[in-house]
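Asks:
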Amino acid sequence: MSLNVRSEQAETQESNADVMQVEEAAAGPSGLQETQKSNADVRQADEAAAGPSVLQTTPSPGKVKEENDSTALSQHSYNFVAKFGLHGDEYHTIHCDQPCTVLEAIQSNETLKEGIKCADENVIIQLGKEDRECIVATHFPCSCIGDGTFLSIVSESEKVEETQGRSTKPIDKNIYPKDKYVIFYIDREGGKYTKRKKIFRNDGVKKFKYLCVYGKKGMTVEEALKRDGRFIDVLGKFYLSNNDYPKLHTVCTQKVNNLHQKKFKICLPRRKRKKYETPVEGLRQSPRKNPSSNSQSKCEPTPVSDVVQQSGISVKAALEKRGSSVNTEEIYKRLRQQFPELKEWMESRFPGNSYQEALNLRKENFGKILQSFSEVHRVRKMLKLGESVCKLVVKDVCEGTGFVLFDSFILTNAHLFKGYDKEGKLQEDVEVFARFGYGDPEPETIYSDFTAKKTFVDFDVERDYAILELNHEGKKSNHETTTVVPQGLLRTFGPLPLNGEACIIGHPAGGVKKIDPTWIIEIENRGKAVEDYLQKYKDHPIIVQMIRKIIKDAGIEDIMISGSKDIATYHTFMYTGASGSPVVDALGRVFGLHTAGFTYNFPDRQSVIEYAQPVLAIFKKFVDNLRVSGNKELLERVEKVAKGNPNLEKILTGPRQTTHSIFCRSFN
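Note that UniProt numbering gives residue 528 to position 528 of the sequence shown, counting from 1, and the numbers run on in steps of one.
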């Protein structure tokens, strides 16, 4: 029956075409518009009589006709399914019968329109059913969305994309057929030289793996990303690296035509300082009128105080500046005049030769660290231990560090999961994965990812530790092979040192693996270490008072001499994203779980002092919990791994406590 309908339509169209030609010739130019209108009415009547199946037919293969844009748009008809949130269970159908943006199509449904409570520029639209895989801009052409596609609508509190209407360059807002567009994907993870660079207008888009970007054929990559609105306005001369072939680059001035359905990372050029340029030279207010003339090129001596105040560099740096003509006598005179209390304070704090003695002690400590961790065999040992350290990602929540305990079990901090755990389990929508081998910047590095099981093996808020089990096989970033979990560090556990050298291995700020040598701050010197740190704010008593209150409220008194916490303290730059890192002594024994620091957030995030939980205390609590739970199989495995380590064997063979004493025990 449908074949007859299509045949009747073809005959009707050919007949009408003949009639049009005759009537147009007879009517002449003046009667052309009326004739066209009449013929249009005839076509509509014929199509209506032929039935709805006619509207869905394609041209006969025998008569290939290249359609213009307006003809293709007249056949526009798509159906979508949309819902609110990523985990919503109420779906709404959308029928799109005219070219528009995806947000306009969504808002054609009254229920969906009323449900969007935020501004259009705050909306995120996920494309497809796969959770957190890909998102599109609100102005994404509906013609590029497949029929029957699922959409999820998410709102952010801050702007996600810039409104196109605010662009200084006129933007073509027409919606074209999908064959006029190129669709490509930008990875949420940046490529080279992007770690400290903000790429997206709102980091909320990083919850999703890819940003789907479109561009009309002939448009450059730079124009496509600028039009998209979700990227910052000034990316500079960036380029794209192909995810499948990282060495294959596309500069931003290239056209998008060859990027269709490919995935990329945004990379930035390495910032180069101009030759012979120094920060102080950049302060010159006016250029020399005649640089070739020696008499003209000379300048008056610059007061060093002006240089220091303008540039923020140290006095020493100003003095060492190549060709500097500063007056050193003026420096000392200014210091004596402006800071008489500095001399008094130094004399009161370091009477006699005590300043030189304190300086020598610090040099001695620093020298010991360099000596301990610069010997080749120790460096090798640190690198070997580092193979078991992983970047831990609690998806869409936070990033931290962890390390393999034994088999496929990893140890990290419990506070990484705060608010996302319930009765010993992760919330259903929370995913955790461990990334090993992340030691080189992307895309050069080849790392391995392992997913974690939903149930915690052990979890303790007091000692701030969590033990998770990884799935046995992981995937490498090059997708070539699978891999296994690295060797565990349980056998290397040692006692908490009272002093001496230490080394932290972790992933600060979620970046590549780093090693930070430091030294233990003895318990009797912790108060002095805090006071020494606060001296840099000596001239700002209000700031000192605020910091004191912040760290007091955070419980810093618990780690002082009269405190109850049994921990190791030290100074390190690794206090953000490095929670869960192993802390190692000079003999290569893991003695601590790097946990936190006493931090404040002005002018930026800094820490007064940092600390680690003793791993032997964690191990004891873990063993006690295994005995209480009756998990004999896992306990036997732990005993087997611990064999040969006297510190662990002592805990395993020590006096066993009753259930009541285990849960009532306090660590002193």
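Cβ atoms here follow ideal geometry from the backbone N, Cα and C, with glycine treated the same way.
Any idea which residues DSSP pairs proline 582 with across the strands?
Replies: DSSP output for proline 582 lists Leu593 as bridge partner(s).
Asks: Roughly how many whole angstroms lie between the Cα atoms of aspartate 516 and cysteine 503?
Replies: If I take the Cα positions, the gap works out to 6 Å.
Asks: Run through the DSSP bridge pairs and tell me what proline 614 is partnered with.
Replies: Answer by DSSP bridge pairing, in chain order: Gly592.
Asks: Excluding the 5 residues preceding and the 5 following lysine 381 in the sequence, name in chain order all residues of the same chain whose CB lies nearer than 7 Å to its CB.
Replies: The residues are Gly588.
Asks: Work out the CA separation of leucine 392 and valine 615 for me, nearest whole Å.
Replies: Distance between the alpha carbons of valine 615 and leucine 392: 19 Å.
Asks: Just list the residues that DSSP pairs valine 123 with in beta bridges.
Replies: Bridge partners of valine 123: Ser155.
Asks: Near tyrosine 533, what residues of its chain come up, given a Cβ to Cβ distance below 6 Å and the 5 sequence neighbours on each side ignored?
Replies: The answer, listed in chain order, is Val608.
Asks: Does DSSP put phenylalanine 573 in a helix, in a strand, or in coil?
Replies: Looking at phenylalanine 573 - three-state DSSP - the assignment turns out to be coil, as it is neither helix nor strand.
Asks: Which residue comes first and which comes last in the beta strand (DSSP E) that contains asparagine 79?
Replies: Element bounds for asparagine 79: 78-84.
Asks: Could you give the DSSP three-state label for lysine 650: helix, strand or coil?
Replies: Helix, per DSSP.
Asks: Which residue wins for smallest C-alpha separation from alanine 452, given the options Arg435, Lys216, Ile505 and Asp440?
Replies: Checking every option, the nearest Cα to that of alanine 452 belongs to Arg435.
Asks: Look up lysine 418 in the DSSP assignment and say whether it is helix, strand or coil.
Replies: Residue state, collapsed to three classes: coil.
Asks: Is there a C-beta anywhere in chain B that falls below 9 Å from the one on isoleucine 116?
Replies: The chain labelled as chain B is not found in the depicted structure, where only one protein chain is given.
Asks: Here's a check: name, in chain order, each residue in its chain whose Cβ is nearer than 6 Å to the Cβ of glutamate 162, leaving out the five neighbours to either side.
Replies: Contacts found: Gly229.
Asks: Quick check on lysine 552: does DSSP put it in helix, strand or coil?
Replies: Looking at lysine 552 - three-state DSSP - the assignment turns out to be helix.
Asks: Would glutamate 501 and phenylalanine 409 be called neighbours here (beta carbons separated by less than 9 Å)?
Replies: Not a contact, by the Cβ cut-off of 9 Å.
Asks: Compute the distance between the beta-carbons of leucine 268 and threonine 149, then report whether it is under 9 Å.
Replies: Taking 9 Å as the Cβ cut-off, leucine 268 and threonine 149 do not qualify as a contacting pair.
Asks: Taking the DSSP output, what are the residues bridged to proline 495?
Replies: Its beta-bridge partners do not exist; DSSP assigns none.
Asks: Relative to the C-alpha of histidine 472, which residue among Ala119, Arg463 and Thr483 is closest?
Replies: The shortest C-alpha separation from histidine 472 is found at Thr483.
Asks: Who are the near neighbours of lysine 206 in its chain, counting only those whose CB is closer than 8 Å to its CB and skipping five residues on each side?
Replies: These residues qualify, in order along the chain: Arg188 and Phe200.
Asks: Check whether the segment 457-467 touches the segment 414-427, taking contact to mean three or more Cβ pairs, one atom from each stretch, closer than 8 Å.
Replies: Yes, they touch.
Asks: Would you kindly work out how many angstroms separate the C-alpha atoms of proline 107 and arginine 132, rounded to a whole number?
Replies: It is worth fixing the name first, because residue 107 is glutamine in this sequence and not proline. Taking the straight line joining both Cα atoms gives about 22 Å.
Asks: For the alpha helix (DSSP H) that contains isoleucine 504, what are its first and last residues?
Replies: From DSSP, isoleucine 504 is part of no alpha helix (DSSP H) but of the beta strand (DSSP E) over 501-506.
Asks: On the criterion of 16 or more Cβ atoms from any shown chain inside 10 Å, does leucine 248 qualify as buried, or is it exposed?
Replies: Exposed is the call here.
Asks: If I'm right that valine 256 touches glycine 215 with Cβ under 8 Å, what's the distance once you round it to whole angstroms?
Replies: Contact holds; Cβ gap of about 4 Å.
Asks: Within 10 angstroms of its Cβ, does leucine 383 collect 16 or more other Cβ (buried), or is it exposed?
Replies: So leucine 383 ends up on the exposed side.
Asks: What's the call for histidine 139, buried or exposed, on a 16-neighbour Cβ count within 10 Å?
Replies: Histidine 139 is buried by the Cβ-count criterion.
Asks: How about serine 152 and glycine 85: do their beta carbons lie closer than 9 Å?
Replies: Yes, these two residues count as a Cβ contact at 9 Å.
Asks: Please list, in chain order, all residues of the same chain as threonine 111 whose beta carbon is under 8 Å from its beta carbon, the five residues on each side excluded.
Replies: Excluding positions up to five away in sequence, the list reads His92.
Asks: Per DSSP, lysine 475 is paired with what?
Replies: Partner(s): Asp449 and Thr482.
Asks: Please classify leucine 498 as buried or exposed, where buried requires at least 16 other C-beta atoms within 10 Å of its C-beta.
Replies: It counts as exposed.
Asks: Helix, strand or coil for aspartate 624? Go by DSSP, reduced to three states.
Replies: Helix.
Asks: With a CB to CB cut of under 6 Å and the five nearest residues on each side skipped, what residues in its chain are close to isoleucine 618?
Replies: Cβ within range, chain order: Arg463 and Tyr465.
Asks: When the Cα atoms are used, what is the spatial distance from lysine 650 to threonine 576?
Replies: One C-alpha to the other measures close to 34 Å.
Asks: Residue range of the alpha helix (DSSP H) that alanine 137 falls in?
Replies: Alanine 137 -> no alpha helix (DSSP H), and no H or E assigned at all.
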